[in-house]
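**Q**
Protein chains in written order, with our numbering: chain A, 147 to 257; chain B, 147 to 257.
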């Protein structure tokens with residue numbers, strides 16, 4: 147991904163989709179589709195930002211941030227995203243968990 | 147860490163602390179303290195689970211899950227955890243962001 151690691155977010159409240167996953171071995175079109183999905187999500191109404199990390203053990207966490215639950219629901223049923231979700235289930239992920247959460251407070255520190 | 151990658155969580159609602167960070171170069175006691183903090187957190191009242199991923203670019207996401215906001219508040223001011231937080235600010239992290247969220251829905255799939 148060419149995006150910055152940290153999302154630049156407004157003050158809470160806003161919503162988070164926490165996507166934890168273990169990749170299967172092999173690319174099978176994953177990298178290209180992942181980049182396409184980030185670019186596509188970034189153009190959706192209510193998209194606020196995304197952060198992602200994956201270790202060498204193939205376990206990763208991606209958190210996308212949204213202005214509302216309606217924005218999350220619309221992205222979930224987006225036609226091209228649904229095709230990616232099907233490949234995710236069939237080819238890319240051995241296991242995934244999705245948690246939808248409302249962010250109530252936030253703070254941070256930059257050196 | 148010796149823990150399983152995926153947290154085994156109850157049905158929502160519960161709380162999540164999303165900790166995004168970029169590590170500085172060098173260990174400086176980080177790995178040992180990180181493992182100690184996971185073990186210590188796991189013994190706290192209201193702790194539900196933890197998931198963590200860090201890529202080769204030094205950007206990582208750790209999400210810890212808690213039964214209540216009170217449990218998060220108690221962990222935040224835990225004496226030994228506070229010492230670790232100070233080292234985190236001074237030595238380990240170039241940048242971190244913390245978001246506290248209430249998980250409202252969850253679903254997943256295991257192959």
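Even glycine gets a Cβ: it sits at the ideal position worked out from N, Cα and C.
Rank 209(B), 172(B), 162(B) by C-alpha distance to the C-alpha of residue 215(B) and give the top, closest one.
**A** Comparing Cα positions, the closest option is 162(B).
**Q** Out of 188(B), 178(B), 248(B), 173(B), which has the shortest C-alpha to C-alpha gap to residue 160(B)?
**A** For the residues 188(B), 178(B), 248(B), 173(B), the minimum Cα distance to residue 160(B) belongs to 248(B).
**Q** Provide the residue span of the alpha helix (DSSP H) that contains residue 218(A), from first to last.
**A** 215–222 is the extent of the alpha helix (DSSP H) around residue 218(A).
**Q** In chain order, what are the residue ranges of uninterrupted alpha helix (DSSP H) at least 4 long that sit wholly in the segment 175–254 of chain B?
**A** With a minimum length of 4 residues, the continuous alpha helix (DSSP H) runs that stay inside the segment 175–254 of chain B are 176–188, 215–222, 225–233.
**Q** Just the C-alpha distance for residue 202(B) and residue 198(A), rounded to the nearest angstrom, thanks.
**A** Roughly 12 Å separates the two Cα atoms.
**Q** Report buried or exposed for residue 181(A), applying the criterion of at least 16 other Cβ atoms within 10 angstroms of its Cβ.
**A** Under this definition residue 181(A) is an exposed residue.
**Q** Can you tell me which of the three DSSP states residue 170(A) falls into?
**A** Looking at residue 170(A) - three-state DSSP - the assignment turns out to be coil, as it is neither helix nor strand.
**Q** Against residue 182(B), what residues of chain A qualify as contacts under a CB-to-CB distance less than 8 Å, listed in chain order?
**A** Under the 8 Å cutoff, chain A gives no residues; its nearest Cβ is about 20 Å from residue 182(B).
**Q** Please state whether DSSP places residue 165(B) in a helix, a strand or coil.
**A** Looking at residue 165(B) - three-state DSSP - the assignment turns out to be strand.
**Q** Let's test the definition: count the other Cβ atoms within 10 Å of the Cβ of residue 217(B) and tell me whether it reaches 16, buried, or not, exposed.
**A** Buried, by the Cβ-count rule.
**Q** For chain B, check one thing: does any of its Cβ atoms lie closer than 7 Å to the Cβ of residue 228(A)?
**A** Answer no: the Cβ-Cβ gap between residue 228(A) and chain B never drops below 7 Å.
**Q** Give the residues from the segment 173–206 of chain B that approach chain A closer than 8 Å (Cβ to any Cβ), ordered along the chain.
**A** Correct list: 197, 198, 199, 200, 201, 202, 203, 205, 206.
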